[in-house]
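S.K.:
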Amino acid sequence: MKQHELAKLPYPEDALEPHISAETLKYHHGKHHASYVTKLNKELEGSEFESATLEDIIRRASGSLFNNGTQVWNHSFYWSCMSPDGGGKPDAKLATAIDDSFGDFEKFRGKFKAAATANFGSGWTWLVKKPNGELDIVNTDDADNPLRQDLQPLLTCDVWEHAYYIDYRNARPDYIDAFWKLVDWDFVASNYLQSAPGGDSSAQQTAYAKTA
Ligand code: FE
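Positions 62 to 273 (the working numbering) are the ones given, in order, by the sequence shown.
Structure (structure tokens):
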């Protein structure tokens with residue numbers, strides 16, 4: 062059986078301070094993310110998905126297998142969406158696409174923050190590319206992932222409380238403000254540029270492979 066492994070953080074645990082603390086990453090990566098990997102491997106034993114890719118599990122599995130598989134993928138993707146050298150703005154083609162879809166970068170950020178703040182309970186807020194090439198912002202509940210709706214993830218923000226409670230307590234909007242200072246726009250742009258119009262999922266696997 063294919064054993065899934067916990068993706069290494071792309072930076073040291075304290076690298077995102079002061080925006081996200083080492084303590085948060087110690088628990089979020091070392092406990093929460095790790096636990097999804099352990100549970101996924103248990104769930105896979107004897108299942109029809111034993112040798113499936115994570116993307117396959119996301120698209121076709123259900124129940125606990127889906128929840129754990131998706132959470133493994135979502136977290137690996139989320140770590141890569143941030144960098145100690147992040148923040149600022151995207152350039153070139155991605156910036157133009159954001160302007161075309163949302164008006165301008167500030168409007169995009171406002172809409173993303175509003176969506177993330179309003180995302181009820183536990184979930185994820187995403188910048189996605191639609192099959193027609195336009196960008197959109199979507200919220201998903203719990204473990205869910207836009208790949209289920211044939212939307213290409215470009216950027217995600219984890220809005221489960223475990224992502225921010227140590228640093229910001231219940232103030233999710235403050236965490237979103239901090240998140241902007243960390244976004245790795247080069248990673249987001251690489252997801253955007255690698256995905257062919259029409260939603261080529263192999264591009265996503267390439268992006269994910271960077272984190273594995
Ligand atoms: Fe999380």
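For every residue, glycine included, the Cβ atom is placed at its ideal position computed from N, Cα and C.
Is R209 closer than 8 Å to I81 when the C-beta atoms are compared?
M.R.: In the sequence shown, residue 81 corresponds to position 20, counting from 1. In the sequence shown, residue 209 corresponds to position 148, counting from 1. Taking 8 Å as the Cβ cut-off, I81 and R209 do not qualify as a contacting pair.
S.K.: Under DSSP, the beta strand (DSSP E) around V133 begins and ends at which residues?
M.R.: Walking along the sequence shown from the start, residue 133 turns up at place 72. Where V133 is concerned, there is no enclosing beta strand (DSSP E), although the alpha helix (DSSP H) around it starts and stops at G124 to S141.
S.K.: Using 8 Å as the threshold, is the C-beta distance between S141 and D235 below it?
M.R.: Mapped onto the sequence shown, residue 141 falls at position 80. Mapped onto the sequence shown, residue 235 falls at position 174. Taking 8 Å as the cut-off, the Cβ atoms of S141 and D235 do not count as close.
S.K.: Rounded to whole angstroms, what's the CA-CA distance from G107 to M62? Just pull it up for me.
M.R.: Translated into positions along the sequence shown, residue 107 becomes position 46. Translated into positions along the sequence shown, residue 62 becomes position 1. Each residue's Cα considered, the two are about 9 Å apart.
S.K.: Please name the residue, chosen from P71, V133 and E78, that lies closest to I227 on a Cα-to-Cα basis.
M.R.: In the sequence shown, counting from the first residue as 1, residue 227 sits at position 166. Comparing Cα positions, the closest option is E78.
S.K.: Which residues have a Cβ closer than 6 Å to any heavy atom of ligand 1, listed in chain order?
M.R.: Here the list is H89, H93, H136, D219, W221, H223 and A224.
S.K.: Using three-state DSSP, classify I198 as helix, strand or coil.
M.R.: What you label residue 198 is simply residue 137 of the sequence shown in a count that begins at 1. Strand, per DSSP.
S.K.: For A68, count neighbouring C-beta atoms within 10 Å of its own C-beta (all shown protein chains included) and say buried if the count is 16 or more, exposed if not.
M.R.: Numbered from 1 along the sequence shown, position 7 holds the residue referred to as residue 68. That one is buried.
S.K.: Spatial neighbours of D203 within its chain, please: C-beta separation below 8 Å, excluding the five flanking residues on both sides.
M.R.: Here residue 203 corresponds to residue number 142 of the sequence shown, with the count starting at 1. Closer than 8 Å at Cβ, skipping near neighbours: N128, G182, S183 and G184.
S.K.: What number of angstroms, rounded off, separates the C-alpha of E195 from the C-alpha of N206?
M.R.: In the sequence shown, residue 195 corresponds to position 134, counting from 1. In the sequence shown, residue 206 corresponds to position 145, counting from 1. Distance between the alpha carbons of E195 and N206 is about 18 Å.
S.K.: Count the other CB atoms within 10 Å of the CB of L254; is the residue buried (16 or more) or exposed (fewer)?
M.R.: Position 193 of the sequence shown holds residue 254. Residue environment for L254: exposed (fewer than 16 other C-beta atoms within 10 angstroms of its C-beta).
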